[in-house]
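In terms of this note's numbering, the sequence shown opens at residue 586 and continues consecutively. C-beta atoms are modelled at their ideal positions from N, C-alpha and C, and glycine is treated no differently. Please read these numbers as outputs of a predicted model, since none were measured by experiment.
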Amino acid sequence: MKLSPYLAATAVLIAVGACGTESTGTDDSISAKARDNTTCHTITFDDLDLGHGDEVTSIPTPLGFDLDVTVTSESMRGVLYSTDTVGGPDADLEKDGRCPDCAGLGNILVIEDPRGFASYGDSPGGGTITLTGFPSSGSAFIERYTAVDQETTEAAVQLFIDGVRVGGSSGQGDGSVEEVLASSPSITSNAEFRLGGSGGVDNVKVCAGVPGVGRMTGGGNQLTVDGVKVTRGFTIHCDITLSNNVEINWEGNRWHIDKPLTRATCLDDPDVAPAPPRAPFDTFIGEATGRLNGVDGSMLKFTFVDAGEPGGKSDTAEILIWAPGDDPGVDEPVLSVSGELEHGNLQAHYDQPHGSNWNK
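Below, the structure is given as structure tokens:
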């Protein structure tokens, strides 16, 4: 268990009462196994019915959703640049120019220079390419992407998910091609590629799991993991139309959710085979923003796994909390606990029919 001096305590009490939920997925550091149960598609920009210089406004995918593409200004467009071009406006993006590593990339997505694509190619001032249209359940995430032509004097080609930075290139110079892994990619609203100068993106690997349905409860007088005590049981729902009450208490401190969960993805991990009663999922990945000691803006991330009856040592939990205002993509959590349950039982269930009850 990790506790910062800010949250020093001898025991942590977590009470999660039934009430309802909103939803989505979480970070691959705590859900890598669950993400094996996903379908992925790499956007190469070569399978669009578009060519060099054409504007890209939408991207179809085989994942059950299509993406919309916008850029930071109406005077600029997201357009394709063919790396097979010879003698085009930007040799840094051409395999036969100053980008030999561009061989095989085909079309990449760039921001058009406001002065005109034919003469200038991509914008030296950069900008933001925004993708929207992802499922609101948070079942989708971006695993990796390729950054092309990030000059050493320019800011990184960065990926932001719902406003949080999850990856960035290292600035390898003119004509560079770099694969970038995303660290915390689950998406509820949008993905932004922020370019600090010229260059573009390619090979955007988008994945999606199937959001689960059901609920998870805690049995026994208390659940204990790595010295953290989860008391009074809890009930959390996979359905995004519902809400839940989550409270975490320890000596002198109190964390309390003040709005619906921001992410709640329920997945069936093929490596987990819980005994009856059967349920449509076994892994609940959640995320929320709440108040820590009365101060808003503290983030919670958790993963609960029902690995079978009678619970205890077979079930696992991971809980992370950040101080108010801290960025999970940059700052260390003030609380980080994980492991098998020492007491108690996690139980996944089919949900019971009911309506949305958040704030009722």
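Sorting Val880, Val751, Tyr935 and Met661 by C-alpha distance to the C-alpha of Gly910 places Val880 at the top.
Selection Asp747, Leu780, Ala849 and Pro674 evaluated against Gly871 yields Ala849 as nearest (Cα-Cα). For Ile693 and Val831, the gap between their C-alpha atoms comes out near 44 Å.
Relative to Leu652, the option among Thr717, Phe745 and Gly706 whose CA is nearest is Thr717. Within the same chain, Gln743, Leu744, Asp912, Gly914 and Val915 come within 8 Å of Arg750 by CB-CB distance, once the 5 residues on both sides are set aside.
For Val890 and Leu926, the gap between their C-alpha atoms comes out near 10 Å. Cβ-Cβ distances below 6 Å link Ile842 to Val831, Ala873 and Gly875 in the same chain, with the five nearest sequence neighbours on each side left out; the list follows chain order.
Secondary structure within the segment 718-759: the beta strand (DSSP E) runs of 3 or more consecutive residues, fully enclosed, are 725-733, 743-746 and 749-753 (chain order). Boundaries of the alpha helix (DSSP H) around Ala703: Phe702 to Tyr705. Judged by beta-carbon spacing, Asn788 lies within the 7 Å limit of Thr629, meaning their Cβ atoms are closer than that value. Beta-carbon to beta-carbon, Gly663 and Ile727 are separated by about 16 Å, too far to satisfy the 8 Å threshold.
Counting along the chain, Arg876 sits inside the beta strand (DSSP E) bounded by residues Thr868 to Leu877.
Going by C-alpha positions, Ala858 is about 7 Å away from Gly893. A straight line joining the alpha-carbon of Val922 with that of Ile904 spans about 5 Å. Only residues of its own chain outside the window of five on either side were considered, and among them Leu665 have a CB closer than 6 Å to the CB of Leu635, listed in chain order. Cβ-Cβ distances below 7 Å link Asp747 to Ile772, Thr773, Ser774 and Asn775 in the same chain, with the five nearest sequence neighbours on each side left out; the list follows chain order. For a cut-off of 8 Å, the C-beta gap from Val786 to Cys684 is around 14 Å, too long to register as a contact. Non-local beta-carbon contacts of Thr737 in its own chain, meaning distances under 6 Å to residues more than five positions away in sequence, involve Gly756 and Gly758 in chain order.
Rounded to the nearest whole angstrom, the CA to CA distance from Asp734 to Gly689 is 15 Å.
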